[in-house]
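Going down the list, the protein sequences come from chains X and A. In my numbering, each number is its position in the first sequence, counted from 1, plus 543. In my numbering, each number is its position in the second sequence, counted from 1, plus 16. Written below as structure tokens is the structure these notes are about.
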Amino acid sequence: MLSRVADNLYWMSRYIERAEGMARMIQVNQSLALEYADNDEQLKEFWQPVLKSICIDEVHLEEVGGRKIGKTLIFSEAYGNSIRSSIYMARENARMVRDQLSEELWLELNNIYLFFRDGGAEELYEQGSDHLLDRISRFSLVFQGLSDATIPHGEGWRFLTLGKYLERTDQTSRMLDTLNFRNKAPSRSDLMSVLRCCIALSAFRQQFRGNLSLQNVANFLLFSEDFPRSIRFCIRTIDHSLHTISGSPSGTFYNEAERLTGSALAMVNFTNLEQVMEKGLHETLDELQTNLIEIGQRVFETYVLLPSEIKSLGESDAAQLAQAQQQQ
Amino acid sequence: MNSHSQFKNYSVDHFFDEMFIDNEGENPRPHYERIFKRLDSLTESEISERRQQADTSFLEHGITFTVYGEEGGTERIFPFDPIPRVIPESEWSVIERGLRQRIIALNLFLNDIYHEGKIIKDGIIPEEIVRSSKNFRPEMIGFDPPQEVYAHICGTDLIRDDQGNYLVLEDNARCPSGASYLLENREIIKRTFPQTFGGMSVRPVEVYPDLLLRTLEHLSPRKSQKPVCVLLTPGVHNSAYFEHTFLARQMGIEIVEGKDLITIDSFVYMRTTRGLVQVDVIYRRLDDEFLDPLVFRKDSMLGVSGLMDAYLRGHVALANAVGTGVSDDKVTYAYVPEMIKYYLDEDAILQNVPTYLCWRESDRSHVLENLENLVVKAANESGGYGMLIGNQSTAKEREEFARLITSNPREYIAQPIISLSRHPTFCEEGIAGRHVDLRPFILYGEDVEIVPGGLTRVALRKGSLVVNSSQGGGSKDTWVLKDF
Chain X
544 MLSRVADNLY WMSRYIERAE GMARMIQVNQ SLALEYADND EQLKEFWQPV
594 LKSICIDEVH LEEVGGRKIG KTLIFSEAYG NSIRSSIYMA RENARMVRDQ
644 LSEELWLELN NIYLFFRDGG AEELYEQGSD HLLDRISRFS LVFQGLSDAT
694 IPHGEGWRFL TLGKYLERTD QTSRMLDTLN FRNKAPSRSD LMSVLRCCIA
744 LSAFRQQFRG NLSLQNVANF LLFSEDFPRS IRFCIRTIDH SLHTISGSPS
794 GTFYNEAERL TGSALAMVNF TNLEQVMEKG LHETLDELQT NLIEIGQRVF
844 ETYVLLPSEI KSLGESDAAQ LAQAQQQQ
Chain A
17 MNSHSQFKNY SVDHFFDEMF IDNEGENPRP HYERIFKRLD SLTESEISER
67 RQQADTSFLE HGITFTVYGE EGGTERIFPF DPIPRVIPES EWSVIERGLR
117 QRIIALNLFL NDIYHEGKII KDGIIPEEIV RSSKNFRPEM IGFDPPQEVY
167 AHICGTDLIR DDQGNYLVLE DNARCPSGAS YLLENREIIK RTFPQTFGGM
217 SVRPVEVYPD LLLRTLEHLS PRKSQKPVCV LLTPGVHNSA YFEHTFLARQ
267 MGIEIVEGKD LITIDSFVYM RTTRGLVQVD VIYRRLDDEF LDPLVFRKDS
317 MLGVSGLMDA YLRGHVALAN AVGTGVSDDK VTYAYVPEMI KYYLDEDAIL
367 QNVPTYLCWR ESDRSHVLEN LENLVVKAAN ESGGYGMLIG NQSTAKEREE
417 FARLITSNPR EYIAQPIISL SRHPTFCEEG IAGRHVDLRP FILYGEDVEI
467 VPGGLTRVAL RKGSLVVNSS QGGGSKDTWV LKDF
């Protein structure tokens with residue numbers, strides 16, 4: 544498969560997962576905000592840790608104001624991670640690899656793009672933001688279903704999976720991290736909202752009943768064996784995808800992406816919650832996020848760049864190039 | 017005629033009408049009878065609904081092109097008119113022979129001017145005309161392209177005058193586009209008008225991608241294995257990007273951008289997740305000037321460094337060859353009938369539109385005196401740009417063109433204003449006559465192959481003679497009917 548095609552598939556998938564994560568994050572927090580705050584100042588205070596976790600600085604919040612933050616995160620063209628931007632980028636990537644996609648897959652993505660481009664999304668938002676956010680989540684889930692059901696599970700599909708799960712690991716870790724940014728110990732509502740952001744509420748209840756605590760939530764989102772958004776599950780999937788792509792036996796590594804993933808996998812496989820808490824939940828998550836960024840860069844170097852280019856560019860430039868690809 | 021007829025207000029005016037023989041739009045030509053009856057039985061809202069269906073389908077499937085000039089380029093659908101254009105087999109077979117003759121002559125001409133230049137020595141065409149063509153490539157002199165063919169894919173634009181004679185308006189021998197619309201239009205019409213289409217023995221067109229692939233594979237320098245063919249696109253922002261992905265997908269070959277290719281030791285490779293893969297044939301949808309920054313435009317980010325070197329060594333084939341643009345220069349065009357005579361000793365089956373060459377002094381003064389009655393065209397522009405239609409122009413525009421012609425006569429030609437034939441077309445005011453042309457696609461691989469018909473383009477704006485998509489044109493499905 545062409546290197547660029549692999550790269551486009553990877554990013555298309557990442558952007559769609561990102562749009563979905565963002566939609567749920569906005570939805571959950573807007574509803575939580577109703578409990579917390581009723582004036583603009585309080586709203587800003589409420590959103591600040593959430594925004595910090597997704598790396599938007601406070602200045603931005605000052606400009607937008609507390610009440611409009613949800614709308615900005617959905618529609619802003621200036622903000623590269625807004626839902627609109629993610630959908631546009633996903634579609635732009637898809638346009639470059641039309642030949643790899645089924646007609647059904649393309650139609651689904653192009654329709655949501657047209658929906659945003661032609662103003663349908665704004666109309667629906669005015670009727671109630673939940674309608675729109677639901678629609679976006681549903682789009683992503685349908686898209687995932689179609690990718691599983693309508694395209695060959697070959698190399699291209701592995702890159703889709705890789706993009707999706709790298710993004711998802713990132714999101715779960717960021718959502719969990721919001722609990723570290725509140726000034727006080729997280730409330731029951733805070734914990735519930737984090738679980739909701741990860742569609743983990745009912746799965747969590749099955750395992751822990753009503754026993755809602757920071758420890759249990761962290762334990763579940765970090766270490767669940769079989770919940771498809773837990774960090775352990777996601778990193779296993781990434782590891783498996785990488786090994787299927789390269790053909791190397793699991794437990795070994797052929798490239799840096801595999802080595803780093805293997806080591807992240809060892810961390811989530813052979814660490815327990817006590818150790819995490821001792822080290823600090825935020826510190827653990829922060830380290831994990833740094834790792835994820837590096838895995839993404841190494842995937843790019845391994846499959847998109849030529850060895851000579853990595854050498855001649857030097858490592859930091861290659862990292863920048865990976866970043867530039869992301870913003871394409 | 018009943019008062020509900022779709023055609024009750026239809027008027028042929030003084031144009032040649034593709035569907036009707038007489039003036040009032042009452043008597044269709046025999047090959048249009050069935051379509052006429054079918055259309056007449058539909059209500060306006062039924063037709064409108066089907067057209068809406070077609071538009072939605074184009075938009076959803078992303079069958080779009082990009083219009084430049086506006087901020088960042090805008091994606092639009094190429095408007096589709098649901099009333100098909102019909103050509104009887106008897107007419108088509110003449111067109112087919114004419115196109116075949118023409119592409120063979122054009123290729124002999126290209127081979128000649130990049131080698132001995134006999135046609136120049138024999139005084140048929142002046143050397144300075146050939147050499148001064150913007151798209152003459154001195155790099156190609158003495159080079160033998162695979163199979164000695166240069167223009168493998170050619171789109172020749174035909175129009176009909178007020179007597180219904182088919183005339184060649186221009187040849188597009190560089191990177192003609194539109195084949196994807198030809199194929200998609202057929203798909204759409206089958207879906208939106210199944211009853212009309214069924215049982216009409218319309219000659220099929222869906223073989224085009226297979227023929228194109230065969231044409232490409234035929235050029236491969238490596239005969240021992242299945243050739244690796246790729247389609248080279250300028251990228252997602254190109255106006256014809258949809259077509260590029262469409263054709264690549266239909267042929268099952270990779271669509272690549274310049275950055276996906278790399279040359280090593282004068283061979284071309286594509287970069288894949290499994291390493292480098294050698295490329296044999298490049299169907300390039302990128303103009304010569306952008307192909308290789310080492311040889312042509314240095315600022316080209318779209319090309320591949322070292323591609324020309326690999327090409328000239330015969331390590332990779334390009335379709336079309338480099339330098340074919342000299343044959344679709346509008347000045348060269350005027351000489352095609354003489355080329356046909358010179359190389360094939362035949363008379364041209366398809367006539368040219370009479371053409372004044374502004375570099376000839378006598379022609380120039382005639383043109384300058386008669387700007388109001390002529391169409392002036394820049395010799396190397398396409399897409400309907402750089403053009404003056406005399407009787408629709410303002411005095412200011414004519415002054416501007418007079419100045420352009422005087423300062424650079426080589427680059428301008430003029431032709432009488434041909435009243436292009438019209439075709440019933442679905443418009444705001446109901447069904448009305450609109451001007452059309454026809455672009456058949458000619459493939460020259462092992463043999464010359466032409467899919468029946470071509471892309472009919474229609475000028476949707478009332479009275480407009482410009483059919484280009486960038487200028488408000490639309491398209492129609494084109495049917496060649498076997499039994500007429």
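For glycine and all other residues, C-beta sits at the position ideal for the given N, C-alpha and C. Model, not experiment: these values are computed from the prediction.
Is residue i helix, strand or coil by DSSP?
{"i": "X:A809", "result": "helix"}
{"i": "A:N407", "result": "helix"}
{"i": "A:T340", "result": "coil"}
{"i": "X:N815", "result": "coil"}
{"i": "A:A113", "result": "As written in the sequence, residue 113 of chain A is Arg, which differs from the Ala given in the question. Here A:R113 sits in helix by DSSP."}
{"i": "X:T890", "result": "The structure shown does not extend to residue 890 of chain X, since chain X is modelled only from 544 through 871, so no value can be given for it."}
{"i": "A:I175", "result": "strand"}
{"i": "A:H30", "result": "coil"}
{"i": "A:E86", "result": "No answer about A:E86 holds up, because its pLDDT of 49 lies below 50 and its placement is not dependable."}
{"i": "A:S193", "result": "coil"}
{"i": "X:Y846", "result": "helix"}
{"i": "A:V218", "result": "strand"}
Decide if residue i is buried, meaning its Cβ has at least 16 other Cβ atoms within 10 Å, or exposed.
{"i": "A:D315", "result": "exposed"}
{"i": "A:T289", "result": "buried"}
{"i": "X:Q749", "result": "exposed"}
{"i": "X:A692", "result": "exposed"}
{"i": "A:H47", "result": "buried"}
{"i": "A:Q179", "result": "exposed"}
{"i": "X:R717", "result": "buried"}
{"i": "A:P161", "result": "buried"}
{"i": "X:F565", "result": "Residue identity check: residue 565 of chain X is Met in the sequence provided, not Phe. Buried: at least 16 other Cβ atoms inside 10 Å."}
{"i": "A:H253", "result": "exposed"}
{"i": "A:Y401", "result": "exposed"}
{"i": "A:E86", "result": "With a pLDDT of 49 at A:E86, under the threshold of 50, the modelled position of this residue cannot be trusted; read the value that follows with caution. Label assigned to A:E86: exposed."}
{"i": "A:T279", "result": "buried"}
Quick check: is the beta carbon of residue i nearer than 8 Å to any beta carbon in chain X?
{"i": "A:V391", "result": "no"}
{"i": "A:L75", "result": "yes"}
{"i": "A:E270", "result": "yes"}
{"i": "A:A264", "result": "yes"}
{"i": "A:E34", "result": "no"}
{"i": "A:T261", "result": "yes"}
{"i": "A:V252", "result": "yes"}
{"i": "A:G78", "result": "yes"}
{"i": "A:E273", "result": "yes"}
{"i": "A:M156", "result": "no"}
{"i": "A:D325", "result": "no"}
Would you tell me roughly how many angstroms separate the C-alpha atoms of residue i and residue j, rounded to the nearest one?
{"i": "X:L545", "j": "A:G78", "result": "23 Å"}
{"i": "X:D873", "j": "X:E560", "result": "Residue 873 of chain X lies beyond the stretch modelled for chain X, which goes from 544 to 871, so this question has no answer here."}
{"i": "A:P468", "j": "A:N201", "result": "14 Å"}
{"i": "X:N723", "j": "X:C740", "result": "16 Å"}
{"i": "A:W108", "j": "A:P154", "result": "38 Å"}
{"i": "A:R116", "j": "A:L122", "result": "10 Å"}
{"i": "X:A730", "j": "X:L738", "result": "One detail in the question is off: residue 730 of chain X reads as Ser in this sequence, not Ala. Computed Cα separation, rounded: 13 Å."}
{"i": "A:I63", "j": "X:S690", "result": "36 Å"}
{"i": "A:L373", "j": "A:F152", "result": "18 Å"}
{"i": "A:Q294", "j": "A:P237", "result": "12 Å"}
{"i": "X:A562", "j": "A:A337", "result": "45 Å"}
{"i": "A:L199", "j": "A:S491", "result": "12 Å"}
{"i": "X:E768", "j": "X:R779", "result": "10 Å"}
{"i": "X:Q818", "j": "X:N762", "result": "11 Å"}
{"i": "X:L703", "j": "X:M632", "result": "15 Å"}
Distance cutoff 8 Å, beta carbons only. Does residue i sit that close to anything in chain A?
{"i": "X:N653", "result": "yes"}
{"i": "X:L709", "result": "no"}
{"i": "X:L657", "result": "yes"}
{"i": "X:E635", "result": "yes"}
{"i": "X:Y558", "result": "no"}
For the segment 281-313 of chain A, which residues have a beta carbon sitting closer than 7 Å to at least one beta carbon of chain X? M286, R287, T288, T289
Taking only beta carbons into account, state which residues of the segment 635-649 of chain X come closer than 7 Å to chain A, listed in chain order. E635, R638, M639, R641, D642, W649
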